[in-house]
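A short write-up of the structure that comes next.
Protein chains in written order, with our numbering: chain H, 42 to 155; chain Z, -3 to 109.
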């Protein structure tokens, strides 16, 4: 039974470019959340999607956007990259959006902006 | 909004000793509190969680306690082993915001053989 998968594993981009990160949830899970983890800190919530609709948004600029597809996979897009966007981007899936449902994380995409 | 504080930031124990990590949260309506273990270069792994209607939960060598009145919860690891060495994160889910986890800053646990 596959867990949450993310692609690519690593990515190097230049300031001003845009990037698309991809996530496939655990089979049967309909909710996907995105987090940014800067080195040495806890993950910070960016977005949550459920049944293709945005259900929550964290304190991130409009350069960050996301969407969820009919098969429940998701993309995170970041435009006009800044050096400060360098981080590990984590995707987590859960079966529902109710608060008590466990979230399971993917391996992350390591983004480096130069 | 919800804010989670975690202490200590680093913790070093001898193999076989117990380790305790504490977290406080600000939103009294938060109702779900998971703990994650993250080894270097790996994904956060859910190790135990507790819901607001429960005061304590145990799973073999790990346990979590919740004090809703004081708005704090703790992770207890007994009989620590070197493979317990990792960064541990507590988190809270604000009421009616399922899918959103607010994380603490993390505790780097080192278990010395």
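Glycine included, every Cβ here is placed at the ideal spot set by N, Cα and C.
Because the structure is a prediction, the values reported are computed rather than measured.
Task: Contact set for residue 56 of chain H: own chain, Cβ-Cβ below 8 Å, skip 5 residues either direction - done: Taking the first residue of the first chain as 1, we reach residue 56 of chain H at position 15. Answer for residue 56 of chain H: 122, 123, 124, 154 and 155, listed in chain order.
- [ ] Could you give the DSSP three-state label for residue 95 of chain H: helix, strand or coil?
- [x] Within the first chain, residue 95 of chain H is the residue found at index 54, counting from 1. Residue 95 of chain H: strand per DSSP, three-state reduction.
Task: Amino acids of chain Z, ordered along the chain, whose beta-carbon sits closer than 9 Å to that of residue 77 of chain H - done: In the first chain, counting from the first residue as 1, residue 77 of chain H sits at position 36. Per Cβ cutoff of 9 Å: no residues; residue 77 of chain H is ~11 Å from chain Z at best.
Open item on the list: Report the start-end ranges of each beta strand (DSSP E) in the segment 66 to 99 of chain Z that is 3 residues or longer and not cut off at the edges.
Closed with: 68 to 73 and 82 to 88
Task: residue 118 of chain H vs residue 62 of chain H beta-carbon contact at 9 Å - done: As a position in the first chain, residue 118 of chain H is number 77, starting the count at 1. As a position in the first chain, residue 62 of chain H is number 21, starting the count at 1. Yes, Cβ-Cβ distance for residue 118 of chain H and residue 62 of chain H is below 9 Å.
- [ ] Please name the residues in the segment 14 to 31 of chain Z whose beta-carbon is closer than 9 Å to at least one beta-carbon of chain H, in chain order.
- [x] Listed in sequence order: 26, 27, 28 and 30.
Task: Beta-bridge pairing of residue 14 of chain Z - partner residues as DSSP gives them - done: Residue 14 of chain Z sits at position 18 when you count from the first residue of the second chain. None; residue 14 of chain Z has no bridge partner.
Open item on the list: Along the segment 86 to 99 of chain H, where does the CB come closer than 8 Å to a CB of chain Z? Name the residues.
Closed with: Cβ contacts with chain Z: 86, 89, 91, 96, 97 and 99.
Task: Closest Cα partner of residue 20 of chain Z within the set Z:30, Z:36, Z:11 and Z:108 - done: Taking the first residue of the second chain as position 1, residue 20 of chain Z is located at position 24. Nearest C-alpha to residue 20 of chain Z among Z:30, Z:36, Z:11 and Z:108: Z:30.
- [ ] With a threshold of 8 Å, establish whether the CB of residue 135 of chain H neighbours any heavy atom of the ligand HEM.
- [x] Among the components of this structure there are no ligands whatsoever, and the ligand HEM is therefore not found.
TODO: With 8 Å as the limit, tell me which residues of the segment 70 to 85 of chain Z have their beta carbon closer than that to any beta carbon of chain H; keep them in chain order.
DONE: 85
Open item on the list: In the DSSP assignment, the beta strand (DSSP E) including residue 107 of chain Z goes from what residue to what residue?
Closed with: Locating residue 107 of chain Z in the second chain gives position 111, counting from the first residue. Run containing residue 107 of chain Z: 103 to 108, per the beta strand (DSSP E) assignment.
Task: Top-ranked residue by Cα proximity to residue 88 of chain Z, from Z:9, Z:28, Z:1 and Z:6 - done: Position 92 of the second chain, counted from the first residue, corresponds to residue 88 of chain Z. Here the closest residue by C-alpha is Z:28.
Open item on the list: I want to see whether chain H comes within less than 9 Å of residue 62 of chain Z, judged by CB atoms only; does it?
Closed with: Counting from 1 along the second chain, the entry for residue 62 of chain Z is found at position 66. Answer no: the Cβ-Cβ gap between residue 62 of chain Z and chain H never drops below 9 Å.
TODO: Under 8 Å by Cβ, that's how I've got residue 62 of chain Z and residue 144 of chain H pegged, so tell me the actual separation to the nearest angstrom.
DONE: Translated into positions along the second chain, residue 62 of chain Z becomes position 66. Translated into positions along the first chain, residue 144 of chain H becomes position 103. That pair is no contact at about 18 Å.
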